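**Q**
In our numbering, the protein residues as written are 21 to 104.
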């Protein structure tokens, strides 16, 4: 009998060079598979335990991925919200 672990690709936030990114994954990528972030950056997939996420410092949100995601979802950009 197997122990099933269900993962939602829409919730994955890859970390590249200290920034977490958004992607349009439809399935869990294979290790080494190149994935493209919303900002256009590409990197091979690698998996590590969540406890290791901050081993190289706290990751920050990629501002380009955030802007693209907000535009696609019809969410006002941060600078537009601050002007009100």
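Virtual Cβ for every residue (Gly too), placed ideally from N, Cα, C.
Here the structure is a predicted model, which means the values were calculated and not measured.
Please list, in chain order, all residues of the same chain as residue 29 whose beta carbon is under 7 Å from its beta carbon, the five residues on each side excluded.
**A** Within the chain shown, numbered from 1, the residue matching residue 29 stands at position 9. Excluding its 5 nearest sequence neighbours in each direction, residue 29 has C-beta neighbours in its own chain below 7 Å: 45, 46, 47 and 48, listed in chain order.
**Q** Name the DSSP beta bridge partners of residue 77, please?
**A** Along the chain shown, read from residue 1 onward, the residue named residue 77 stands at position 57. Its beta-bridge partners are 75.
**Q** Taking the alpha-carbon of residue 87 as reference, which of 50, 70, 25 and 42 has the nearest alpha-carbon?
**A** To locate residue 87, count along the chain shown from 1; it is residue 67. Put simply, of 50, 70, 25 and 42 the residue whose alpha carbon is nearest the alpha carbon of residue 87 is 42.
**Q** Can you give me the C-alpha to C-alpha distance between residue 37 and residue 79, rounded to a whole angstrom?
**A** To locate residue 37, count along the chain shown from 1; it is residue 17. To locate residue 79, count along the chain shown from 1; it is residue 59. Their Cα atoms are separated by approximately 8 Å.
**Q** Looking only at its chain, what residues have a beta carbon closer than 7 Å to the beta carbon of residue 52, apart from the 5 residues adjacent to it on each side?
**A** In the chain shown, residue 52 corresponds to position 32, counting from 1. Around residue 52: 64 and 65.
**Q** Provide the residue(s) that pair with residue 57 in DSSP beta bridges, ordered along the chain.
**A** By one-based count along the chain shown, residue 57 stands at place 37. According to DSSP, residue 57 bridges with 43.
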